[in-house]
Amino acid sequence: MDSIIVTGGAELSGRIPIAGAKNACLALMPATLLSDEPLTLMNAPRLSDIKTMTLLLQSLGVEVTAMQDGRVLTLSSHALTSHRADYDIVRKMRASNLVLGPLLARAGHAVVSLPGGCAIGARPMDIHIAGLEALGAEIELRDGYLHAMAPGGLRGAVIEQRFASVGATENVVMAATLAKGTTVLKNAAREPEIVDLVQCLRQMGARIAGEGTDTIEIEGVDRLGGATHRVVADRIELGTYMIAPAIAGGEVELIGGRRELLPSFCEKLETAGVTVTQTNDGLRVARANGRVHAVDVKTEVYPGFPTDLQAQMMALMCTAEGVSVLEETIFENRFMHAPELMRMGARIDVHGGHATVTGVERLRGAPVMATDLRASVSLILAGLGAEGETQVNRVYHLDRGYERVEEKLSACGARIERVRGE
Ligand code: UD1
Numbered sequence: 008m009d010s011i012i013v014t015g016g017a018e019l020s021g022r023i024p025i026a027g028a029k030n031a032c033l034a035l036m037p038a039t040l041l042s043d044e045p046l047t048l049m050n051a052p053r054l055s056d057i058k059t060m061t062l063l064l065q066s067l068g069v070e071v072t073a074m075q076d077g078r079v080l081t082l083s084s085h086a087l088t089s090h091r092a093d094y095d096i097v098r099k100m101r102a103s104n105l106v107l108g109p110l111l112a113r114a115g116h117a118v119v120s121l122p123g124g125c126a127i128g129a130r131p132m133d134i135h136i137a138g139l140e141a142l143g144a145e146i147e148l149r150d151g152y153l154h155a156m157a158p159g160g161l162r163g164a165v166i167e168q169r170f171a172s173v174g175a176t177e178n179v180v181m182a183a184t185l186a187k188g189t190t191v192l193k194n195a196a197r198e199p200e201i202v203d204l205v206q207c208l209r210q211m212g213a214r215i216a217g218e219g220t221d222t223i224e225i226e227g228v229d230r231l232g233g234a235t236h237r238v239v240a241d242r243i244e245l246g247t248y249m250i251a252p253a254i255a256g257g258e259v260e261l262i263g264g265r266r267e268l269l270p271s272f273c274e275k276l277e278t279a280g281v282t283v284t285q286t287n288d289g290l291r292v293a294r295a296n297g298r299v300h301a302v303d304v305k306t307e308v309y310p311g312f313p314t315d316l317q318a319q320m321m322a323l324m325c326t327a328e329g330v331s332v333l334e335e336t337i338f339e340n341r342f343m344h345a346p347e348l349m350r351m352g353a354r355i356d357v358h359g360g361h362a363t364v365t366g367v368e369r370l371r372g373a374p375v376m377a378t379d380l381r382a383s384v385s386l387i388l389a390g391l392g393a394e395g396e397t398q399v400n401r402v403y404h405l406d407r408g409y410e411r412v413e414e415k416l417s418a419c420g421a422r423i424e425r426v427r428g429e
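In this text, residue positions in the sequence shown follow this note's numbering: the first is 8, and each later residue adds one.
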């Protein structure tokens with residue numbers, strides 16, 4: 008298994024291009040199931056999660072053509088051959104459940120494995136199920152699979168989600184595009200990836216209003232057509248690389264970055280003493296001499312502080328001046344990076360959904376283990392500012408969500424390399 012070795016202490020300087028958003032692309036790809044005309048996605052990220060979604064869609068009969076080294080994907084669902092998403096694929100990636108809504112809307116039935124446990128919490132699917140049932144689907148759980156049927160087709164409805172789930176919002180919005188009548192989805196997720204999905208669906212001919220607010224209205228249409236869509240920038244990759252110069256010192260410009268993708272995150276970084284400037288090409292982030300200040304963080308749905316940047320923020324807070332409290336409200340059990348950071352000398356006390364971090368002057372490099380996608384990158388970030396060598400093991404998690412991390416960081420002067428394992 009590959010590992011990544013970081014030798015800390017080098018200040019960063021340079022430009023990093025931000026890729027298309029993994030989480031947007033994982034929702035856009037299943038949208039192809041809604042139409043028999045091709046959907047072309049530009050600016051797709053080259054990640055193993057995208058390969059997993061490709062395999063899943065191919066197993067349903069979707070033709071997927073990758074061009075420009077995987078940056079452009081054309082998907083065609085003119086001849087679906089299956090409506091079953093197998094456990095073998097779904098267990099690898101929870102986002103596989105995003106085929107449920109579109110398959111049901113197009114084919115009238117779908118069989119999708121439950122994703123099963125996930126390292127960062129239980130992550131059930133009750134909100135997806137409640138939303139699709141409100142649209143008239145009959146859903147049963149048998150043999151670990153959700154069997155969903157809509158024999159008479161889906162019907163528009165007024166739905167209020169008990170929580171603004173990102174995945175459930177995507178599933179319900181996609182299903183409602185082909186339902187009869189109007190759907191009003193209340194307490195909808197407002198994340199930029201939802202806005203991106205809706206813009207693509209609208210190009211395909213869907214009638215949708217209110218994306219980016221907590222109420223989305225969808226007027227069902229008889230059929231959707233093809234479209235060409237450019238995937239929005241990855242705000243989590245953006246936030247991750249914004250933290251790199253904040254930890255290591257120096258100045259980096261993130262090409263394609265926009266402040267409105269990460270409003271509360273940018274505010275928190277600025278309060279901590281990091282300079283964030285919008286340029287013509289992206290966001291410039293700089294940390295002057297000295298340590299950052301401790302800030303408290305609470306993860307929330309958009310536009311709040313994203314849970315997917317909590318681990319990276321914790322890495323920054325490890326060497327901040329003062330004590331910070333990080334509160335995780337989206338996922339239980341999402342502090343698995345804390346004990347690894349402590350192996351590098353961090354002072355962290357985890358109690359329930361809170362972690363109290365007492366900043367130390369400097370971390371020291373150590374062999375550490377990546378436990379999930381965002382945890383792995385937080386260890387790399389910590390290593391950039393640590394004394395000596397940090398070896399991050401089990402980096403296959405990293406390749407699910409970050410393309411060429413070692414190339415992007417070393418282009419800015421970081422001392423980082425990948426060691427290929429067996
Ligand atoms: C998406 C993102 C993920 C991010 C998360 C929260 C993708 C592919 N993944 O995941 O990176 O961390 O949003 O911003 O876009 N929940 C239920 N019942 C449900 C659905 C969710 O209880 O039916 C709970 C989950 O267990 C979790 C919380 O709601 O505690 C958030 O989940 P959700 O917003 O659905 O996240 P995902 O769409 O899975």
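Glycine is no exception: its CB is placed at the ideal position from the N, C-alpha and C atoms. Note that this is a predicted model, so its numbers are computed, not measured.
### Message
So, for P270: in the same chain, excluding its five sequence neighbours on each side, which residues have a beta-carbon less than 8 Å away from its beta-carbon?
### Response
Residues P310 of the same chain have their beta carbon placed closer than 8 Å to that of P270, with the five preceding and five following residues left out of the count.
### Query
Of the residues V357, V330, M349, E328, which one's Cα is nearest the Cα of R341?
The shortest Cα separation from R341 among V357, V330, M349, E328 belongs to V357.
### Query
For R401, which of L388, M376, L80 has the nearest alpha-carbon?
For R401, the closest C-alpha among the options L388, M376, L80 is that of M376.
### Message
Is it the case that the stretch 19-27 contacts the stretch 236-243, given that we only count it when at least three CB pairs across the two stretches are under 8 Å?
### Response
Yes, they touch.
### Query
Between the beta-carbon of T189 and the beta-carbon of I223, is there less than 9 Å?
When the beta-carbon positions are compared, T189 and I223 stay at least 9 Å from each other.
### Per DSSP, the bridge partner or partners of N400
According to DSSP, which records beta bridges pairwise, N400 is partnered with M376.
### Query
So, is D203 buried or exposed, given that buried needs 16 or more other C-beta atoms within 10 angstroms?
In the assembly as shown, D203 is a buried residue. Its beta-carbon has 16 or more other beta-carbons within 10 Å.
### Delimiting residues of the beta strand (DSSP E) encompassing Q285
Membership of Q285 in the beta strand (DSSP E) is indicated by the continuous run 282-285.
### Query
Hey, V364 and V330 are a contact pair by Cβ (cut 8 Å); roughly how many whole angstroms apart?
Sure, about 7 Å apart at Cβ, within 8 Å.
### Span separating the alpha-carbon of A362 from that of T278
Roughly 19 Å between the two C-alpha positions.
### Query
To the nearest angstrom, how far is it from the Cα of V332 to the Cα of S120?
Whole-angstrom Cα-Cα distance: 37 Å.
### Message
What does the alpha-carbon distance come out to for the pair R209 and Q75?
### Response
Rounded to whole angstroms, the gap between the alpha carbons of R209 and Q75 is 26 Å.
### Task
May I ask you to list the residues that DSSP assigns as paired with P37?
In DSSP, P37 forms no bridge with anything.
### Query
Near R381, which residues of its chain fall below 7 Å by C-beta distance, leaving aside the five closest residues on each side in sequence?
Within its own chain, the residues whose Cβ lies closer than 7 Å to the Cβ of R381, once the five positions on either side in sequence are excluded, are D315, A318, Q319, listed in chain order.
### Query
Whose C-beta lies closer than 7 Å to the C-beta of M312 among residues of the same chain, with five residues either side of it excluded?
Per the sequence presented here, residue 312 reads as Phe, with Met not at that position. The beta carbon of F312 lies closer than 7 Å to those of S271, F272, K275, V304, K305, T306 in the same chain, with the five residues before and after it left out.
### Task
Would you grab the beta carbon distance between A186 and A421 for me? Rounded to a whole angstrom, and I think it's under 8 Å.
Their Cβ separation, rounded to whole angstroms, is 50 Å, which puts A186 and A421 out of contact at 8 Å.
### Message
According to DSSP, simplified to helix, strand and coil, what is M49?
### Response
Correct three-state label for M49: strand.
### Query
For I96, which option in S55, L111, L82, T72 has the closest C-alpha, if you only look at C-alpha atoms?
Nearest to I96 by C-alpha distance, out of S55, L111, L82, T72, is S55.
### Task
Ignore the nearest five residues each way along the sequence and tell me which others in D43's own chain have a CB closer than 7 Å to its CB.
Correct list, in chain order: S84, H85.
#### Entry: Whole-number beta carbon distance between I146 and A175, since they are thought to touch under 8 Å
Between I146 and A175 the Cβ distance is about 13 Å, and since that is not below 8 Å, they are no contact.
### Query
Should G21 and A295 be called a contact, given that it needs their Cβ atoms to be closer than 9 Å?
Cβ distance not < 9 Å, so G21 and A295 don't count as in contact.
### V7, DSSP secondary structure in three states
Residue coverage of the chain in this structure runs from 8 to 429, which leaves residue 7 outside it and unanswerable.
### Task
Answer with buried or exposed for L107, where buried requires no fewer than 16 other C-beta atoms within 10 angstroms of its C-beta.
With 16 or more other Cβ atoms within 10 Å, it is buried.
### Message
Any heavy atom of the ligand UD1 closer than 8 Å to the beta-carbon of P313?
### Response
P313 has its Cβ nearer than 8 Å to a heavy atom of the ligand UD1.
#### Entry: Rounded C-alpha distance that separates V118 from R162
Near 20 Å, if we compare the C-alpha coordinates of R162 and V118.
### Message
Let me check understanding here. Comparing Cα to Cα, which of V292, S89, S103, D93 lies closest to R113?
### Response
Per the Cα distances, S89.
### Task
For L64, verify whether its CB is less than 8 Å away from any heavy atom of the ligand UD1.
Shortest gap from the CB of L64 to any heavy atom of the ligand UD1: 8 Å or more.
### Message
Given this structure, state the Cα-to-Cα distance separating G257 from L388, to the nearest angstrom.
### Response
Note on geometry: alpha-carbon atoms of G257 and L388 lie some 14 Å from one another.
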